[in-house]
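Going line by line, the protein sequences match chains A and B. Each position in the first sequence, counted from 1, maps to that position plus 4 in my numbering. Each position in the second sequence, counted from 1, maps to that position plus 4 in my numbering. Data first, discussion second: the structure below is written as structure tokens.
2 protein chains.
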Amino acid sequence: MSSPKTYALYYWPEIQGRGEFVRLALEEAGADYLDVARLPVSAGGGYPALFRVLKGRLGPRVPFAPPVLRTGRVVVAQTAAILRFLGPRLGLVPRDEAARLWADQLQLTLADLVAETHETHHPVAANLYFEDQRPEARRRSWHFTRERIPKYLGYFERLLAAGDGRHLVGRRLSYVDLSMFQVLEGLAYAFPRTMRGLAPRARRLNELRERVRERPRVAGYLASPRRLPFNEDDVFRSYPELEGKRLGGRSR
Amino acid sequence: MSSPKTYALYYWPEIQGRGEFVRLALEEAGADYLDVARLPVSAGGGYPALFRVLKGRLGPRVPFAPPVLRTGRVVVAQTAAILRFLGPRLGLVPRDEAARLWADQLQLTLADLVAETHETHHPVAANLYFEDQRPEARRRSWHFTRERIPKYLGYFERLLAAGDGRHLVGRRLSYVDLSMFQVLEGLAYAFPRTMRGLAPRARRLNELRERVRERPRVAGYLASPRRLPFNEDDVFRSYPELEGKRLGGRSR
Numbered sequence: 005m006s007s008p009k010t011y012a013l014y015y016w017p018e019i020q021g022r023g024e025f026v027r028l029a030l031e032e033a034g035a036d037y038l039d040v041a042r043l044p045v046s047a048g049g050g051y052p053a054l055f056r057v058l059k060g061r062l063g064p065r066v067p068f069a070p071p072v073l074r075t076g077r078v079v080v081a082q083t084a085a086i087l088r089f090l091g092p093r094l095g096l097v098p099r100d101e102a103a104r105l106w107a108d109q110l111q112l113t114l115a116d117l118v119a120e121t122h123e124t125h126h127p128v129a130a131n132l133y134f135e136d137q138r139p140e141a142r143r144r145s146w147h148f149t150r151e152r153i154p155k156y157l158g159y160f161e162r163l164l165a166a167g168d169g170r171h172l173v174g175r176r177l178s179y180v181d182l183s184m185f186q187v188l189e190g191l192a193y194a195f196p197r198t199m200r201g202l203a204p205r206a207r208r209l210n211e212l213r214e215r216v217r218e219r220p221r222v223a224g225y226l227a228s229p230r231r232l233p234f235n236e237d238d239v240f241r242s243y244p245e246l247e248g249k250r251l252g253g254r255s256r
Numbered sequence: 005m006s007s008p009k010t011y012a013l014y015y016w017p018e019i020q021g022r023g024e025f026v027r028l029a030l031e032e033a034g035a036d037y038l039d040v041a042r043l044p045v046s047a048g049g050g051y052p053a054l055f056r057v058l059k060g061r062l063g064p065r066v067p068f069a070p071p072v073l074r075t076g077r078v079v080v081a082q083t084a085a086i087l088r089f090l091g092p093r094l095g096l097v098p099r100d101e102a103a104r105l106w107a108d109q110l111q112l113t114l115a116d117l118v119a120e121t122h123e124t125h126h127p128v129a130a131n132l133y134f135e136d137q138r139p140e141a142r143r144r145s146w147h148f149t150r151e152r153i154p155k156y157l158g159y160f161e162r163l164l165a166a167g168d169g170r171h172l173v174g175r176r177l178s179y180v181d182l183s184m185f186q187v188l189e190g191l192a193y194a195f196p197r198t199m200r201g202l203a204p205r206a207r208r209l210n211e212l213r214e215r216v217r218e219r220p221r222v223a224g225y226l227a228s229p230r231r232l233p234f235n236e237d238d239v240f241r242s243y244p245e246l247e248g249k250r251l252g253g254r255s256r
């Protein structure tokens, strides 16, 4: 690496995944960062860079999984922990402790939604191919699109309505708004029919999504090659069969 | 309530669940707390107390789900966020920032393991009964017991080996050790055969588990009626069929 960057991000180089929440925060803040695994292997990047991190290359506090952020002597993994760490440094969270706790709580709730989204195409095992768990994926997705997405979106829509209508935390953009944008983008990619159906009940959320998309640095990032396209190795996947008809059991 | 307590915990009154990680921290610290929903409805407890919290009774920062902790004007939900908040106040995390980040990261990793455990009996939908998703639960559990539990336990066992051998964070008991204890107890209840098989590879973890169990306040708590028994409405459930034989697909 020619010039040392302030932040080094280690994440899978071919997907947005959970790393995207960190990338969006770094991009919106105009931070000086390197997405290490996207460098060529010959330049110290690629999968080998990631595997070295998971084997302890960055010190004794070995992460369980990417994303991992390093800055100076700090090494931190787990998306919500990375964003809590970065938030104050990047000016993406209010100063008071209560608001920071609130941001963290909302980020963890979004993380739960992201994890549940992953389960829609991998309800049996992350180590199996989607093709080996399609019937289970269809059942899971039936419930996810009809029960879980409406529940989560209803919750966040109500929070916007109860606040200033434009921000989830405080009265300025926070990393939670950026993450909400990413979740809405991802869900619209994965479950377009469901999301169109819910649009009347997610008006404020969709306005937030458009505002974030149009922010100059976010817009610049989305138009750049740094933004990886959605794809079917990622958390949000376009499998039309998962928006199909009923395959559920009794609901309780 | 006759005398106001320092901490009020709001969690489902009939399960250990995610609330148990908070209860263990409060108990080990000898904190002055009230487990509100375990009071009779006539005394302001029970499910109605929980539902009021989820409807905004504690203020505009409405939680998505229990557990919820209130102290003074602070209201915080999401287990890992609650423990990060409580850790320094209860003396259950080291003082330096890097160690606190590390504790948070490990707690979030344990939270992922707990969520995956829940998926073993609810791989299709949390809103369906287990009986309506048994084939899927058996497939999921086959992979969970053979791939996921060994991966997680191997990770934490290596961390103990790389540290002082006795603590996951620093050189004193932290809330992460308490949570590790709870996860090991729960997995041993839910998947006894798997955990017996893994014991030789989890020697330090099992020693940690015994040390935590024998701490005077933890021991007192476990022997008290405040500790709810494991049961089949909880995250960790004893369903012997989920430790059965192979029902998987191709592993990749």
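Even for Gly, the Cβ is constructed at its ideal location relative to N, Cα and C.
Inter-residue spacing [alpha-carbon to alpha-carbon] between B/R197 and A/L202: Numbered from its first residue, the second sequence carries residue 197 of chain B at position 193. Numbered from its first residue, the first sequence carries residue 202 of chain A at position 198. C-alpha separation (whole angstroms): 45 Å.
Leaving out five residues on either side along the sequence, give the residues of the same chain with a beta carbon under 6 Å from the beta carbon of B/L43. In the second sequence, counting from the first residue as 1, residue 43 of chain B sits at position 39. Cβ neighbours of B/L43 beyond the five flanking positions: G49.
Own chain, CB closer than 6 Å to B/Y225, minus 5 neighbours either side, in chain order: As a first step, residue 225 of chain B must be located in the second sequence, where it is residue number 221. Excluding sequence neighbours, B/Y225 sits near E31, R231.
Can you pull the chain A residues whose beta carbon is under 7 Å from the beta carbon of B/A29, in chain order? Residue 29 of chain B sits at position 25 when you count from the first residue of the second sequence. Correct list: empty, because the minimum Cβ distance to chain A is about 16 Å.
Starting from A/A165, find everything on chain B with Cβ-Cβ shorter than 8 Å and list it in chain order. Residue mapping note: residue 165 of chain A aligns to position 161 of the first sequence, counting from 1. Correct list: empty, because the minimum Cβ distance to chain B is about 11 Å.
Count Cβ pairs between the stretch 67-77 of chain B and the stretch 98-111 of chain B that sit closer than 8 Å; are there 3 or more? no
Are three or more beta carbon pairs between the stretch 202-221 of chain A and the stretch 12-23 of chain B nearer than 8 Å? no
Contact criterion: CB-CB distance below 9 Å. Does A/V128 meet it with respect to chain B? Indexing the first sequence from 1 puts residue 128 of chain A at position 124. Answer yes: the Cβ-Cβ gap between A/V128 and chain B drops below 9 Å somewhere.
Residues of the stretch 130-147 of chain B with Cβ closer than 9 Å to any Cβ of chain A, in chain order: A130, N131, L132, Y133, E135, D136, Q137, P139, E140, R143, R144, W146, H147
Give, in chain order, every residue of the stretch 104-117 of chain B whose Cβ lies closer than 7 Å to some Cβ of chain A. L105, W106, D108, Q109, L112, T113
State buried or exposed for A/Y51, treating a residue as buried only when at least 16 other CB atoms are found within 10 Å of its CB. What you label residue 51 of chain A is simply residue 47 of the first sequence in a count that begins at 1. So A/Y51 ends up on the exposed side.
So with Cβ pairs under 9 Å, would you call A/A194 a contact of chain B? As a working note, residue 194 of chain A is residue 190 in the first sequence. Not closer than 9 Å to any Cβ of chain B, the Cβ of A/A194 fails to qualify, so no.
Shortest alpha-carbon distance to A/L191 belongs to which of A/S178, A/G167, A/S145? For the purposes of this step, residue 191 of chain A is taken as residue 187 along the first sequence, with counting starting at 1. Considering only alpha carbons, the answer is A/S145.
For the stretch 82-95 of chain A, which residues have a beta carbon sitting closer than 7 Å to at least one beta carbon of chain C? The chain inventory of the structure shown lacks chain C, comprising the protein chains A and B.
Find the residues of chain B that neighbour A/F68, judging by a C-beta separation of less than 7 Å, and give them in chain order. In the first sequence, counting from the first residue as 1, residue 68 of chain A sits at position 64. What A/F68 touches in chain B: T113, Y159.
Are any of the Cβ atoms in chain B nearer than 9 Å to that of A/E151? Here residue 151 of chain A refers to the residue found at position 147 when the first sequence is read from its first residue. Chain B contact via Cβ: present.
So does the stretch 203-211 of chain B actually touch the stretch 155-163 of chain B, counting three or more Cβ pairs closer than 8 Å? The answer is yes - the stretch 155-163 of chain B touches the stretch 203-211 of chain B, with three or more Cβ pairs under 8 Å.
Strictly by DSSP, which residues pair up with B/A41? Position 37 of the second sequence holds residue 41 of chain B. According to DSSP, which records beta bridges pairwise, B/A41 is partnered with nothing at all.
In this structure, how does DSSP classify B/T10 when only helix, strand and coil are distinguished? Residue mapping note: residue 10 of chain B aligns to position 6 of the second sequence, counting from 1. In the structure shown, B/T10 sits in coil (DSSP, three-state: anything other than H, G, I, E or B).
A/V97 - DSSP class collapsed to helix/strand/coil: On the first sequence, position 93 is the one that residue 97 of chain A refers to. Coil at A/V97, not helix or strand.
If we call anything under 9 Å between Cβ atoms a contact, is B/Q82 one with B/Y179? Mapped onto the second sequence, residue 82 of chain B falls at position 78. Mapped onto the second sequence, residue 179 of chain B falls at position 175. Their beta carbons are not under 9 Å apart, which means B/Q82 does not touch B/Y179 by this criterion.
Less than 7 Å between C-beta atoms, sequence neighbours within five positions excluded: which residues of the same chain meet that for B/G95? For the purposes of this step, residue 95 of chain B is taken as residue 91 along the second sequence, with counting starting at 1. A33, listed in sequence order.
Nearer than 8 Å: is that true of the beta carbon of A/F68 relative to any heavy atom of the ligand FMN? Ligands are entirely absent from the displayed structure, and the ligand FMN is therefore not among its contents.
Listing by chain order, which chain A residues have their CB less than 9 Å from the CB of B/A102? The residue labelled residue 102 of chain B in the question sits at position 98 within the second sequence. By Cβ distance, chain A contributes R65, R77, V78, V79, V80.
Distance cutoff 9 Å, beta carbons only. Does B/G169 sit that close to anything in chain A? As a first step, residue 169 of chain B must be located in the second sequence, where it is residue number 165. Cβ-Cβ to chain A under 9 Å: no for B/G169.
Here's the rule: buried if 16 or more other CB atoms are within 10 angstroms of the residue's CB, otherwise exposed. What is A/F185? Start at 1 with the first residue of the first sequence, and residue 185 of chain A comes out as number 181. By the 10 Å Cβ count, A/F185 comes out buried.
Can the beta-carbon of A/H126 be found less than 9 Å from the beta-carbon of A/A141? Position 122 of the first sequence, counted from the start, is the residue given in the question as residue 126 of chain A. Position 137 of the first sequence, counted from the start, is the residue given in the question as residue 141 of chain A. For A/H126 and A/A141, yes; Cβs fall inside 9 Å.
Beta-carbon spacing of B/G60, A/A165 below 9 Å: On the second sequence, position 56 is the one that residue 60 of chain B refers to. On the first sequence, position 161 is the one that residue 165 of chain A refers to. No, the Cβ-Cβ distance between B/G60 and A/A165 is not below 9 Å.
C-alpha distance - A/V78 paired with A/V239, whole-angstrom precision: Taking the first sequence and counting its residues from 1, the one referred to as residue 78 of chain A is at position 74. Taking the first sequence and counting its residues from 1, the one referred to as residue 239 of chain A is at position 235. A/V78 and A/V239 have their alpha carbons spaced roughly 27 Å apart.
I'd like to know whether the C-beta atoms of A/H147 and B/A129 end up nearer to each other than 9 Å. Position 143 of the first sequence, counted from the start, is the residue given in the question as residue 147 of chain A. Position 125 of the second sequence, counted from the start, is the residue given in the question as residue 129 of chain B. Contact flag set, yes.
Between B/L28, B/A53, B/S46, which has its C-alpha nearest B/V40's C-alpha? Reading the second sequence from its first residue, position 36 is the one you call residue 40 of chain B. It is B/A53.
Please report whether the beta-carbon of B/A203 lies at a distance below 9 Å from any beta-carbon of chain A. For the purposes of this step, residue 203 of chain B is identified with residue 199 of the second sequence, where counting begins at 1. Closer than 9 Å: no.
DSSP bridge partner residues for A/V79 (one or two, in chain order): Walking along the first sequence from the start, residue 79 of chain A turns up at place 75. DSSP output for A/V79 lists A/R74 as bridge partner(s).
Going by DSSP, what residue range makes up the alpha helix (DSSP H) through B/I153? Working through the second sequence from its first residue, we reach residue 153 of chain B at position 149. It spans 153-166 - the alpha helix (DSSP H) in which B/I153 sits, taken as one unbroken run.
Do B/V97 and B/G174 have their beta-carbon atoms positioned less than 9 Å apart in this structure? Sequence index remark: in the second sequence, residue 174 of chain B carries index 170 (1-based). Sequence index remark: in the second sequence, residue 97 of chain B carries index 93 (1-based). The answer is yes: Cβ separation under 9 Å.
Alpha-carbon spacing of A/F234 relative to A/P92, whole angstroms: What you label residue 234 of chain A is simply residue 230 of the first sequence in a count that begins at 1. What you label residue 92 of chain A is simply residue 88 of the first sequence in a count that begins at 1. Taking the straight line from one Cα to the other gives about 29 Å.
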